[in-house]
Every structure is written in structure tokens, then in C-alpha cells.
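What follows is a single structure, written as C-alpha cells, with notes after it.
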Amino acid sequence: TVIADDNSIYRAMRRFEDMKLVSSTWHDSDTGPQRRYYELTPLGGHLLARFIRRNILLFEEPPVSARIRAALASDAEGAK
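Here it is, written out as C-alpha cells:
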């Protein structure tokens with residue numbers, strides 16, 4: 628489990644904004660102070676797509692997915 632406090636998340640978001648990966652806008656709130664909303668910039672979207680292709684879609688490749696299924700099957704057998 629990963630636990631992050633609010634301050635570390637906002638520090639990271641500020642760094643991402645400084646790097647032009649996200650942009651932020653302030654919006655009024657009906658229940659308190661204004662709220663800051665973040666969205667990906669085109670550069671941030673491009674880097675996210677590259678990350679997904681490199682690190683996540685790899686698991687869909689037949690040799691990789693076959694090994695994952697085999698590992699899950701052996702783990703399920705060991706749990707019996």
C-alpha cells in the first residue's frame with residue numbers, strides 16, 4: 628500500500644505544472660474555498676501515452692501475458 632499525504636501530492640502537482648505536464652485552474656466551490664482543478668496538457672498526455680505503451684501494454688504481448696497467466700495459475704494451485 629502506498630500512502631501519500633496531501634502536501635506531497637500537491638508538491639508533485641506543482642512540479643508537474645512547472646514541467647508543463649499539467650495545467651491548473653481555480654473554480655468556486657459551493658461548500659468552501661475555491662478549488663484547484665488539474666488537467667493534462669498535450670505534452671502530459673503524450674508522455675502518459677508513451678508510459679502506457681512502454682509499461683502497461685507490454686502485458687498484452689502474448690509471451691508476457693502467457694507467463695503472467697502461468698504464474699497466477701501456479702499461485703492459485705499453491706493456495707489450495
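In terms of my numbering, the sequence shown opens at residue 628 and continues consecutively. Backbone N, C-alpha and C fix where the C-beta goes; we use that ideal spot for every residue, glycine too.
Between which two residues does the beta strand (DSSP E) holding residue i run?
i    : result
D632 : Looking at the DSSP string, D632 is not in any beta strand (DSSP E), and its letter there is neither H nor E.
T628 : That residue, T628, is in no beta strand (DSSP E); it is neither H nor E in DSSP.
Ignore the nearest five residues each way along the sequence and tell me which others in residue i's own chain have a CB closer than 7 Å to its CB.
i    : result
L670 : K647 and L648
L674 : L648
Have a look at residue i and residue j and give me their C-alpha separation to the nearest angstrom.
i    : j    : result
A693 : R662 : 45 Å
T652 : A698 : 45 Å
N634 : F686 : 33 Å
R638 : A631 : 11 Å
For the alpha helix (DSSP H) containing residue i, name the first residue and the last one.
i    : result
L667 : Counting along the chain, L667 falls outside any alpha helix (DSSP H), though it belongs to the beta strand (DSSP E) covering G659 to L667.
Cα-Cα, which of the options is closest to residue i?
i    : options                   : result
S650 : E666, I695, A639 and S656 : E666
Based on the DSSP output, what are the partners of residue i in its beta bridges?
i    : result
S656 : G659
S692 : Partner(s): none; S692 has no beta bridge.
S651 : Y665
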